[in-house]
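Undergrad: Protein chains in written order, with this note's numbering: chain A, 1 to 205; chain B, 1001 to 1221.
Glycine residues also receive a C-beta, built at the ideal position from the N, C-alpha and C atoms.
For reference, the structure I am asking about is given below.
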Amino acid sequence: MNATVRNVMTSPVTTILPDTGLKEAAARLRSGGFSALPVVDAHGRLVGVLSEADLLVKAERPAPRATDSYAGRERDAQWAGTLACHLMSRPAVTVGVDTPLAEAAHLMLRHGLKRLPVVDVAARPVGIVSRGDLLQVFLRSGDEVRRDVQARFEAEGLSGVVASVEDGVVTLRGTVEEAGARRAVQVAEAVDGVVAVRSLLRGRT
Amino acid sequence: MSGPTLVRDVMRPPVQAPEGAWFRELVRLLRDRDAEFLTVIDAKGRAVGAVTEEDLLLKLARHWVEDRPARPESASRRAQRRKAAAVTARELMSEPLVSVTPAQPAAEAVRLMRLRRLRHLAVVDASGWPVGVVHRGDLLTMLLRDDEEIQQDVDDLLARELRGRAASVSVEVRDGIVRLRPLHDLDFPLDQVLPDVRDVEGVLAARALDGPVADRWRWHP
């Protein structure tokens, strides 16, 4: 079986409440080295995501400074009054622990997101998954990839096909039916960590 | 008044990848250097293209990218399919490289990113060597400017460009948005100074009002 979000996510995850102040949220982001925090309601259910980018929108307006002017005090009040729920992105795009890595990647690309919260069936966040986490699947060892490819060939009755792996690129050799050759490429491409498939298969006549 | 922020003030060190590097090497580079953007270099070390974390992610989502080709296929869609099938940095990279030089004002980098819809820009020197990378997020710190400071810079700019006629224009800055208003009928179009006003650090938008006071609420985009 291919890896799912469960295998690559960061867990457990730090969450904040909708009424968390921005300064505290920024501090939690920084101290944990996170780039986004899930925002949960009193029941622990996800209601949004507050990211660095969301905070930066606020930072475009000056942060409070030690100033005694009327304008300064007004800015202070504005900054102090902004809560996580005012800036967070919602509804949050989420995945489950069983979501395939490819689907998570597709969601990130389509929505232009750098990370996705992982939620359970009750919408409670259980982890967070980043682009970098997903890409780690390509760093599997060549041996593992080859074993996986070969095992799937066995299961598909393609035992005449021999796979070798170099730096994520799978080369197929052997003699099979033409339909089998096409199928072998598809099967190999779907294995985790495969960058590309090169077929040197010969069709049986 | 200190000079404008330059690209060299906000850039990070470049992470370089040889154009012959394979996919996995690129993934490893991003992870080990904690980067999102790779500058691809040729055999002589000159910057020739760029690979982002997003480009690499296309490989994982190739099932979606490859299976549903839109017809007619857009250029960006075609590029996505090419990247999803790529193995080497050369096949994967976006080219020609969109870049800035270290001595350019950072505001020009902001404008270029907005125009080309990019989150990163490579920084190259005059001979084409990679010397840095600009992240859009890093540039946001430039926006931390008071309206009073922006106002001062815009006033100085108008004094330089319009000379004696600067006194015929009122400048209002609020929340980084600059509004120019003629105080009486002008013998020149106010629009001509807008591009330079938009380049003043911290300016989010600049608009010129049509005529004298009576027209003050009619905006030009």
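#1: List the whole-angstrom C-beta distance separating V1124/B from T1088/B, where the pair is believed to meet the contact cut-off of C-beta under 8 angstroms.
#2: Under 7 angstroms between the Cβ atoms of D1199/B and A1107/B?
#3: For the segment 1009–1033 of chain B, enumerate the residues whose C-beta is nearer than 8 angstroms to any C-beta of chain A, in chain order.
#4: Would you mind stating whether V137/A and L83/A have Cβ atoms separated by less than 7 angstroms?
#5: Report the option in G1202/B, L1118/B, L1026/B and A1208/B whose CA atom is closest to the CA atom of P1105/B.
#6: Report the rounded CA-to-CA distance for T67/A versus G193/A, giving the unit in angstroms.
#7: Would P38/A be called buried (16 or more neighbouring beta carbons within 10 Å of its own) or exposed?
#8: Under 7 angstroms, CB to CB, which of the residues in the segment 1093–1121 of chain B have a partner in chain A?
#9: DSSP on S1127/B, reduced to helix/strand/coil?
#10: For R147/A, decide whether its Cβ has a neighbour in chain B, counting only Cβ atoms nearer than 7 angstroms.
#11: Output the distance between the C-alpha atoms of D1156/B and L139/A, rounded to the nearest integer angstrom.
#12: How would you list, in chain order, the residues of chain A whose beta-carbon sits under 7 angstroms from the beta-carbon of A1061/B?
#13: Taking 7 angstroms as the CB-CB cut-off, is G32/A touching chain B?
#14: Measure the alpha-carbon distance for A188/A versus D1055/B and round it to whole angstroms.
#15: Hey, could you find the ends of the alpha helix (DSSP H) D32/A is sitting in?
#16: Select from R110/A, D54/A and D120/A the residue whose C-alpha is nearest the C-alpha of M88/A.
#17: What does DSSP give as the partner residues of F153/A in its beta bridges?
#18: Terminal residues of the continuous alpha helix (DSSP H) containing P1195/B?
#19: Select from R1181/B, L1194/B and L1186/B the residue whose C-alpha is nearest the C-alpha of L1209/B.
#20: Are the Cβ atoms of I16/A and A3/A separated by less than 7 angstroms?
#21: Can you tell which of D1009/B, V1010/B and V1027/B has its C-alpha closest to the C-alpha of A1017/B?
#22: Let me see if you follow: with CB-CB separation under 7 angstroms, is L135/A close to chain B or not?
#23: Kindly list, in the order they appear in chain A, the residues whose Cβ is closer than 9 angstroms to that of L1038/B.
#24: Quick check on the DSSP output: the alpha helix (DSSP H) that includes I1150/B runs from which residue to which?
#25: Which bits of chain A does V1087/B rub up against, with CB to CB less than 7 angstroms?
#26: In chain A, which residues lie less than 9 angstroms from L1190/B when you measure between Cβ atoms?
TA: For this structure:
#1: Here residue 1124/B is taken as the residue at index 124 of the second sequence, counted from 1. Here residue 1088/B is taken as the residue at index 88 of the second sequence, counted from 1. Not really, about 21 angstroms apart at Cβ, beyond 8 angstroms.
#2: Taking the second sequence and counting its residues from 1, one reaches residue 1199/B at position 199. Taking the second sequence and counting its residues from 1, one reaches residue 1107/B at position 107. Yes; because the gap between Cβ atoms is below 7 angstroms, this pair is in contact.
#3: W1022, F1023, R1024, E1025, V1027, R1028, L1030 and R1031
#4: Residue numbering aside, residue 137/A sits at position 137 when the first sequence is read from its first letter. Residue numbering aside, residue 83/A sits at position 83 when the first sequence is read from its first letter. No; because the gap between Cβ atoms is not below 7 angstroms, this pair is not in contact.
#5: Sequence index remark: in the second sequence, residue 1105/B carries index 105 (1-based). The residue with the shortest Cα to Cα distance from P1105/B is G1202/B.
#6: Taking the first residue of the first sequence as 1, we reach residue 67/A at position 67. Taking the first residue of the first sequence as 1, we reach residue 193/A at position 193. Note that T67/A has pLDDT 43, beneath the 50 cutoff, so the model's placement of it is unreliable and no number is given.
#7: Here the question's residue 38/A lines up with position 38 in the first sequence. Buried.
#8: none
#9: For this step, residue 1127/B is matched to residue 127 along the second sequence. Taken through DSSP and simplified to helix, strand or coil, S1127/B comes out as coil.
#10: In the first sequence, counting from the first residue as 1, residue 147/A sits at position 147. It does not: the Cβ of R147/A has no partner Cβ on chain B nearer than 7 angstroms.
#11: Residue 1156/B sits at position 156 when you count from the first residue of the second sequence. Residue 139/A sits at position 139 when you count from the first residue of the first sequence. When rounded, the distance between both Cα atoms is 55 angstroms.
#12: As a working note, residue 1061/B is residue 61 in the second sequence. Neighbours of A1061/B on chain A, chain order: A102, A105, H106 and L109.
#13: Numbered from 1 along the first sequence, position 32 holds the residue referred to as residue 32/A. G32/A does not count as touching chain B.
#14: Numbered from 1 along the first sequence, position 188 holds the residue referred to as residue 188/A. Numbered from 1 along the second sequence, position 55 holds the residue referred to as residue 1055/B. If I take the Cα positions, the gap works out to 22 angstroms.
#15: As a working note, residue 32/A is residue 32 in the first sequence. As written in the sequence, residue 32/A is Gly, which differs from the Asp given in the question. Per DSSP, G32/A belongs to the alpha helix (DSSP H) from L22 to G32.
#16: Position 88 of the first sequence, counted from the first residue, corresponds to residue 88/A. Taking only the C-alpha atoms, the option nearest M88/A is D54/A.
#17: Mapped onto the first sequence, residue 153/A falls at position 153. Its beta-bridge partners do not exist; DSSP assigns none.
#18: Against the second sequence, residue 1195/B aligns to sequence position 195. Segment L1194 to R1198, the alpha helix (DSSP H) holding P1195/B.
#19: To locate residue 1209/B, count along the second sequence from 1; it is residue 209. Nearest option by C-alpha distance: R1181/B.
#20: Start at 1 with the first residue of the first sequence, and residue 16/A comes out as number 16. Start at 1 with the first residue of the first sequence, and residue 3/A comes out as number 3. No, these two residues do not count as a Cβ contact at 7 angstroms.
#21: On the second sequence, residue 1017/B is found 17 positions in, with the first residue counted as 1. Checking every option, the nearest Cα to that of A1017/B belongs to V1027/B.
#22: Translated into positions along the first sequence, residue 135/A becomes position 135. Taking Cβ atoms only, chain B reaches closer than 7 angstroms to L135/A, which makes this a yes.
#23: Translated into the one-based positions of the second sequence, residue 1038/B becomes position 38. Within chain A, no residue comes near L1038/B; the closest Cβ sits about 13 angstroms away, beyond 9 angstroms.
#24: Translated into the one-based positions of the second sequence, residue 1150/B becomes position 150. If you look at I1150/B, you'll find it in the alpha helix (DSSP H) that goes D1147 to L1162.
#25: The sequence position of residue 1087/B within the second sequence is 87, counting from 1. Residues of chain A passing the Cβ test: V169, V195 and A196.
#26: Position 190 of the second sequence, counting from 1, holds the residue named residue 1190/B. Here the premise fails: no neighbours, minimum Cβ distance about 26 angstroms.
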